[in-house]
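Numbering (my numbering), first residue to last: 891 to 1411.
I have placed the structure first, in the form of structure tokens, so that the comments after it can refer back to it.
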Amino acid sequence: MGELTTNPLWDTETKDYPSQYARMIPGISAMPHLRVVSPTLAPTVDATPAPPVNANKEATRRRQGRTLFHQLLPQPTGDRFMLFQLVAADLSVLGVVCCAASLFSPAWGLPWACLPIFAVLVTLFGFSEGLYSYAGDPPSAAVAAVLARSTLFAIGLVFIAAWDEVRPLAAFTIFASSLSGLVLWRWVRRFVRSRRPRETEVRNILIIGGGPTARSIAQALRKDPLHGANVCGFVDDELPLSPAVLGRIADLDWLARAEFIDEVILALPGQPARTREAAEVAFRNHLDIRAVPDLPPGPWPDSGIDQIGEVPVITLHREPLPSAALFLKRLLDVTGGAFGLVLASPLMAIMALLIRLDSPGPVVYSAERTGVKGRRFRCFKFRSMVTNAEHLKEELRARNQRQGPIFKIEDDPRVTRIGRIIRRYSLDELPQLWNVLRGEMSLVGPRPHPIDEVNHYELQHYRRLDVKPGITGLWQITARDCPSFELSMHLDLTYIENWTLLLDLRILAGTVRVLFTPEGA
């Protein structure tokens, strides 16, 4: 671990916070000095645009200049890795369906050489129809119509190009089965997404401004569940503070950290100075930034401006996410968690029996812990203490040997006989593999702290909650016996700033080593 950079987060005066993945630690600047938002990105439009008639003529000329090749190219998306996932899934479904038809009966399938051509043509026609323009799912009826046209055009071209090898029955069978397969997998995907807990997808949004425009945006976001947006409130320098108006623009730095803000929407039309000030603070805190531009009335269909309700907005800045690496981390969590549960199930059964025989009470203990962005979840552990351990905690707090809000004492009288053994080898944490599969925890990350300890955090400590908690982490394999809360926080934030998949694998390997040289948990 020697190559890890020294964590300078405790020097809160310098604001020099290097970070590889800034979005994972909102409120931390990756630059030593403030980068000012470019004047070209200011949300106000100083120059008066040409009349709509001229604008429409210019748009017509642009459309005429496009070639068929450009129309078939992938359209930009907000998340390119999501685009790759969708395309790869479509190609996989088409490959499975077409291969199955060919294997079932050669008369029902395409020649093997035509299969990749057909699959690629379907996706290209999908691009031209706007199927992959957004990471989210368009309405089901629109998707079915686009898929039907794309599949029909693709099989038509293949049939014409290889008419002497492709029978009409095969063309019809491939068209029907491919369309059914693509529609079915999208329905399954939509169903799974709808059943997934919504809080894992919610983005916290803060609106700068409290006027009619800002409230119209908030109302539109709250009424549209597809956005997955949680409007935390407003920031306004003139309105009185209230549960809705959380603070002033000068408070945006600490509001971004305390509320785990992902995005700000600048809704201060006609106030360029305040808009610029808020944009600079949001940029420094690595937040996505959208703004309401000062535009003359009228439709602007080719302007590239989005709408929230009836309010036009433009994107000034979007923080890059390591989507591919985070996807692989989640894949590691799922495979590692499932494999770990299967591998450890005999040992877990023996431990459950011993715990039951050793002392009265449940075998598995669950308690609320604070997870990513402050969300609470039930964390599972094998019970290693007496059943009234939480009530005895306050009586023993005077004997706390840890610095800061963390509670820890040696020879804890609440620990049972079996509990001392399983805690020494960290076996009491095996049920947390279930939390990993549920998406509430990761194999590697900061340990989840109890709610009463998180309530004693200082503001800079909340950066620790911007990633999923983990079963093991950098602190567990380097300084688990050190009583310093500051050192524990330092190591956790150092892990966040230097996170890579390779670092996760090294920490997991180090955890195995620590288990064979057990120390007090």
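Glycine included, C-beta positions come from ideal geometry on N, C-alpha and C.
Since we're looking at a predicted model, the values are computed, not measured.
- Runs of beta strand (DSSP E) with 3 or more residues, each lying fully within the stretch 1241 to 1312, are found at 1254 to 1260, 1266 to 1272, listed in chain order.
- Remark: C-beta atoms of R1174 and T1205 do not approach each other more closely than 7 Å.
- Taking every protein chain shown into account, the CB of V1154 has 16 or more other CB atoms within 10 angstroms, so this residue is buried.
- Counted as a single uninterrupted DSSP element, the alpha helix (DSSP H) harbouring P1102 occupies residues 1102 to 1113.
- Beyond the five residues adjoining it in sequence on each side, L1349 comes within less than 8 Å, by CB distance, of W1144, R1147, A1148 in the same chain, given in chain order.
- With a cutoff of 7 Å on beta-carbon distance, D1248 and I1311 are scored as not near each other.
- A distance below 7 Å separates the beta carbons of V1121 and R1112.
- For A1119, the three-state secondary structure derived from DSSP is strand.
- V1201 is not a Cβ neighbour of S1274, given a cutoff of 7 Å.
- For E1387, the uninterrupted alpha helix (DSSP H) run begins and ends at 1375 to 1387, by DSSP.
- A straight line joining the alpha-carbon of S1235 with that of L1136 spans about 49 Å.
- Between P1336 and R1354, the C-beta gap is smaller than 7 Å, which places the two residues in contact.
- If you look at T1390, you'll find it isn't in any beta strand (DSSP E); DSSP assigns it neither H nor E.
- Contact check for W1075 against V1203 fails: the beta carbons are separated by 7 Å or more.
- Excluding sequence positions up to five before and after S992, its CB lies within less than 6 Å of the CB of G999, all in the same chain and listed in chain order.
- Residues G1100, G1123, F1124 of the same chain have their beta carbon placed closer than 8 Å to that of A1134, with the five preceding and five following residues left out of the count.
- Taking H1380 as reference, the option from H1176, L1364, Q1322, L1391 with the minimal CA-CA separation is L1364.
- Under the three-state reduction of DSSP, L1156 is assigned to strand.
- In the DSSP assignment, S1316 falls outside any alpha helix (DSSP H) and carries neither an H nor an E.
- Per DSSP, the continuous alpha helix (DSSP H) segment holding P1162 begins and ends at 1162 to 1174.
- Around the CB of D1114, fewer than 16 other CB atoms lie within 10 Å, so the residue is classed as exposed.
- Membership of V1344 in the alpha helix (DSSP H) is indicated by the continuous run 1341 to 1344.
- Between E1167 and I1139, the CB-CB gap stays under 7 Å.
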